[in-house]
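A.B. asks:
2 protein chains.
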Amino acid sequence: MNRPAPDLLKPRKTPQQSRSTVTIEAIHTATIQVLLADGVGRLTTTRVAERAGVSVGTMYQYYPHKQALLFAIVERQLDLIVRAMLEAAERLEGRDLRTVSDGLATAWLDAKMADLVSSRAIYGIAAEFDLAELMSRAKNLMVEAISPLLRAVPDARFADPDVTAFMLAALLGGTVRVVMEVGSSEDDLERLRQELPRACLGYLTMAACPYVRQRNDRQLLGRP
Amino acid sequence: MNRPAPDLLKPRKTPQQSRSTVTIEAIHTATIQVLLADGVGRLTTTRVAERAGVSVGTMYQYYPHKQALLFAIVERQLDLIVRAMLEAAERLEGRDLRTVSDGLATAWLDAKMADLVSSRAIYGIAAEFDLAELMSRAKNLMVEAISPLLRAVPDARFADPDVTAFMLAALLGGTVRVVMEVGSSEDDLERLRQELPRACLGYLTMAACPYVRQRNDRQLLGRP
DNA sequence: ACCTGAACACCGTTCAAGT
DNA sequence: ACCTGAACACCGTTCAAGT
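Residue numbers (numbering that gives the first Met the number 0), protein chains in the order written: chain A, 0 to 223; chain B, 0 to 223.
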């Protein structure tokens, strides 16, 4: 509903002189500062401009709306997380199911928990404007990384690695999101940390072909 | 951040005469209509009041903010879902692990998919204002329903049913949410429908004590 | 008890005028 | 090429005046 054309979300002007690059940077960091200090609800264009030391008009030369300010921040954060997952995927290529499962789950948790404040802030922003496309892109990247990883697991075969990767990405992303949004005491986060890897392994085991499941399960019995 | 006191979200005035009850109802349905017709972004107090056939001032006698309008809708929707889950829990009491797992997953999916439009609209609203408390309450109710259910499963023992219930609720809620937010083609929803029950069972099997896992797994091999 | 709607404060966005 | 800030349109909320 009411989604702006994608290119409108990008800075509308590319810097030609060095001073404008500085301006863009200043606006960007000012947005983060205001976001952390006052929350999304109190983030106004005037406040950001003031903090950045420029006039509102200047801001509108580089960011076409208020949304674009927030968009830039979310984009950077999603980038960090996607990169962490791609690195994990590379590192885990060819390892066994349990290692892959654990590796993905903890990589995801680490990436999200690394900057709790930013993560929470971003979930706070989420529906303030339309993040669907941005999230969708990030998710596709994850699926594209996980899918071949699943194919390369030596001790399991998946009927449809693409579907499994899709579901796994949704499971990881969604579970963490809900826990963080719901308020999430330290206890809750600790539980999440313990249980997410199990959920991940549980699903993957279930999605793998049956004989694998049995084999893998016997291994698990070895180490309670 | 910047959460209004809970009681401010409720109607500030209880109807004394029958005409005000009518007014409240009119405002409520007008909000839904505007939401569905124009989206959250275009929902304004004037528009709602106009559609309800009252003046803005009247609206503010019963709903202290714009947020309260949306709050009322989300509350009703969450209520429906929670109720569906409680009923499912009652129905599943004492059944075996697989039945319980499947029952919960499909009850959840059915409740969410029953009114796709509303569900999406609600996720769209979600961060527009602070739903944390509302969501938290709904989640607690679910955990309280699931936890005893897990205890009553005859063919499995859980080390900590509360933790498992907590995680299961997060898993169900989050996964569906992410898939719906990301845009979700019909294909994606179909995949979700197929995979969520497996994820649910996978996690529960993993969370159950090992000997159960093995037993349950043999059963599964019987019916591929 | 309930309703009205002009009035107020505030915010996002623009644009004519500057360097 | 880049910046300024008054001006405009719009929206959430209030309150004195009505029935």
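Even for Gly, the Cβ is constructed at its ideal location relative to N, Cα and C.
Find the nearest neighbour of residue 199 of chain B within the set B:183, B:185, B:170, B:189, judged by alpha-carbon distance.
C.D. replies: B:170
A.B. asks: Please report the Cβ distance between residue 135 of chain A and residue 76 of chain A, rounded to the nearest whole angstrom; I am assuming they are in contact, meaning their Cβ atoms lie under 8 Å.
C.D. replies: Actually they are not in contact, since the Cβ atoms of residue 135 of chain A and residue 76 of chain A sit about 16 Å apart, beyond 8 Å.
A.B. asks: What is the DSSP secondary structure of residue 207 of chain A, reduced to helix, strand or coil?
C.D. replies: Residue 207 of chain A carries a strand assignment under DSSP once its states are collapsed to helix, strand and coil.
A.B. asks: Compare the C-beta of residue 190 of chain B against all C-beta atoms of chain A and say whether one is closer than 9 Å.
C.D. replies: yes
A.B. asks: Pick out whichever of A:133, A:191, A:53 has its Cα sitting closest to the Cα of residue 175 of chain A.
C.D. replies: Closest option to residue 175 of chain A, judged by alpha-carbon separation, among A:133, A:191, A:53: A:191.
A.B. asks: Look up residue 157 of chain B in the DSSP assignment and give the residues it is bridged to.
C.D. replies: B:207, per the DSSP bridge assignment.
A.B. asks: Please report whether the beta-carbon of residue 102 of chain B lies at a distance below 9 Å from any beta-carbon of chain A.
C.D. replies: no
A.B. asks: Quick one: grab the DSSP three-state call for residue 54 of chain B.
C.D. replies: coil
A.B. asks: Report the three-state DSSP secondary structure of residue 188 of chain B (helix, strand or coil).
C.D. replies: helix
A.B. asks: Taking only three categories from DSSP, how would you classify residue 93 of chain B?
C.D. replies: coil
A.B. asks: For residue 21 of chain A, count neighbouring C-beta atoms within 10 Å of its own C-beta (all shown protein chains included) and say buried if the count is 16 or more, exposed if not.
C.D. replies: exposed
A.B. asks: When the cut-off is 9 Å and only beta carbons count, does residue 175 of chain B lie next to chain A?
C.D. replies: yes
A.B. asks: Are the C-beta atoms of residue 185 of chain B and some chain A residue less than 9 Å apart?
C.D. replies: no
A.B. asks: Nearest to residue 97 of chain A by CA position, among A:30, A:50, A:149, A:25, is which residue?
C.D. replies: Here the closest residue by C-alpha is A:149.
A.B. asks: Tell me which same chain residues have a C-beta within less than 7 Å of the C-beta of residue 106 of chain A, skipping the five on either side of it?
C.D. replies: 83, 84, 87
A.B. asks: When you check each C-beta in the region 25-56 of chain A against every C-beta of chain B, which residues fall closer than 9 Å?
C.D. replies: 37, 38, 39, 40, 41
A.B. asks: For chain A, find out if any of its Cβ atoms is closer than 9 Å to the Cβ of residue 1 of chain B; answer yes or no.
C.D. replies: At residue 1 of chain B the pLDDT is 35, less than 50, meaning the model places this residue with poor confidence and gives no usable figure here.
A.B. asks: Does any residue of chain B bring its CB to less than 9 Å from the CB of residue 6 of chain A?
C.D. replies: Unreliable positioning characterises residue 6 of chain A in this predicted model, as indicated by a pLDDT of 40, which lies under 50. The coordinate reading is nonetheless provided below. Judged by the 9 Å Cβ criterion, residue 6 of chain A is not in contact with chain B.
A.B. asks: Pick from A:89, A:91, A:31, A:94: whose alpha carbon is nearest that of residue 65 of chain A?
C.D. replies: A:31
A.B. asks: Could you pull out every residue in the same chain whose Cβ sits closer than 6 Å to the Cβ of residue 79 of chain B, ignoring the five residues on either side in sequence?
C.D. replies: none
A.B. asks: Run through chain A and tell me which residues come within less than 8 Å of residue 77 of chain B, C-beta to C-beta.
C.D. replies: Within 8 Å Cβ-Cβ: nothing; residue 77 of chain B doesn't reach chain A, min ~12 Å.
A.B. asks: Using the C-alpha atoms, what's the distance from residue 42 of chain A back to residue 172 of chain B?
C.D. replies: 29 Å
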